[in-house]
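**Student:** Numbering (our numbering), first residue to last: -11 to 183.
Don't be surprised by glycine CBs; every beta carbon is placed ideally from N, CA and C.
Once you've had a glance at the structure underneath, I'll fire off some questions.
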Amino acid sequence: MKIVGVEQALVEAELVGGLLACPSCQGTLGPWGHARERVTRRFSGDWRWRPRRARCRGCQGTHVLLADLCLLRRQDGVEVIGAAIEARVGGEGHRPIAARLGVPAGTVRGWLRRFAVNAEVMRVLFTRSAVALDPELGPIVPAGGGVADALEAIAVAGRAWVLRFGPWPVWRIVSRLSAGGLLARNTSSLATGRW
Ligand SMILES: [Zn+2]
């Protein structure tokens, strides 16, 4: 899996032009058909799409090019999952969050539990990303531990990204910087982006 932009014409141009790097070996990815259709539940409604598949000219590995609206192995859009995380850090329980977002309570509970488990790994990842994007960045002030600190690091990395590359929705930045792995069960491959 590799996270790319959602603009399919741009992804196609990058793929054909040899501008996308293999997440395993950094070799050049070329076109390799499409993955099966998937449905991503967004605030704006269900989005049906077929992700592009790519093959590495170096290691011959194949990768699904997943739009940054998604996280790996989650059917809901990253902005929906992000809204649940923000509400939880704001003190709301998983049931009212689920009712408001129109998502089953068990699904929201699963996201929040996984985010809590991954919180320290994500705090470190997004702090590193923020510093890489903005070397002038000052220290990130602790926000109260656990998920709050992870969310603060996400916000700081998002601001650093926007300063450098221009406006972009923060949760899509999160998908890119975490290689889709924000809620991954195994975060040990996070540094390499190999899922
Ligand atoms: Zn490769």
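According to DSSP, is Trp156 part of a helix, a strand, or is it coil?
**Tutor:** Three-state result, Trp156: coil.
**Student:** Going by DSSP, name the residue or residues bridged to Ile142.
**Tutor:** Answer is none; Ile142 lacks a bridge partner.
**Student:** Would you say the region 36 to 45 touches the region 140 to 160, given that touching needs at least three Cβ pairs under 8 Å?
**Tutor:** The region 36 to 45 vs the region 140 to 160: no contact.
**Student:** Can you name the start and end residues of the beta strand (DSSP E) that Ala107 belongs to?
**Tutor:** Where Ala107 is concerned, there is no enclosing beta strand (DSSP E), although the alpha helix (DSSP H) it sits in stretches over Ala93 to Leu121.
**Student:** Please look up how many angstroms separate the CB atoms of Leu3 and Arg43, rounded, as I've assumed it's under 8 Å.
**Tutor:** That pair is no contact at about 10 Å.
**Student:** Quick one: residues in its chain with C-beta nearer than 6 Å to the C-beta of Lys(-10), no 5 flanking neighbours on either side, listed in chain order?
**Tutor:** So the list reads Pro11, His51 and Leu53, once near-sequence residues are dropped.
**Student:** Ligand 1 and Gln(-4): does any heavy atom of the ligand fall closer than 8 Å to the residue's C-beta?
**Tutor:** Incorrect: Gln(-4) has no Cβ contact closer than 8 Å to ligand 1.
**Student:** Is it the case that the Cβ atoms of Val66 and Phe103 are separated by a distance below 9 Å?
**Tutor:** Contact flag unset, no.
**Student:** So, do the region 159 to 176 and the region 103 to 113 have three or more beta carbon pairs nearer to each other than 8 Å?
**Tutor:** The region 159 to 176 is in contact with the region 103 to 113.
**Student:** Please return the same chain residues whose Cβ sits closer than 8 Å to the Cβ of Gly15, not counting the five positions on each side in sequence.
**Tutor:** So the qualifying residues of the chain are Ala9, Cys44, Arg45, Gly46 and Cys47.
**Student:** Does ligand 1 have a heavy atom nearer than 8 Å to the CB of Ser12?
**Tutor:** Indeed, a heavy atom of ligand 1 lies less than 8 Å from the Cβ.
**Student:** Is there at least one non-hydrogen atom of ligand 1 closer than 8 Å to the beta-carbon of Gly6?
**Tutor:** No, since every heavy atom of ligand 1 falls outside the 8 Å radius drawn around the Cβ of Gly6.
**Student:** Along the chain, where does the beta strand (DSSP E) containing Ala55 start, and where does it finish?
**Tutor:** Thr50 to Ala55 is the extent of the beta strand (DSSP E) around Ala55.
**Student:** Helix, strand or coil, according to DSSP, for Glu25 in the structure here?
**Tutor:** Coil at Glu25, not helix or strand.
**Student:** Assign Pro127 to one of three DSSP states: helix, strand, or coil.
**Tutor:** Three-state result, Pro127: coil.
**Student:** For Gly94, is the classification buried or exposed, using 16 other Cβ atoms within 10 angstroms of its Cβ as the cut-off for buried?
**Tutor:** Exposed, since its Cβ has fewer than 16 Cβ neighbours within 10 Å.
**Student:** What's the C-alpha gap between Ala75 and Trp156?
**Tutor:** If I take the Cα positions, the gap works out to 21 Å.
**Student:** Taking buried to mean at least 16 other C-beta atoms within 10 Å of its own C-beta, is His22 buried or exposed?
**Tutor:** Counting Cβ neighbours within 10 Å, His22 comes out exposed, since fewer than 16 surround it.
**Student:** What residues match up with Thr16 in a beta bridge as DSSP calls it?
**Tutor:** Paired residues: Ala9.
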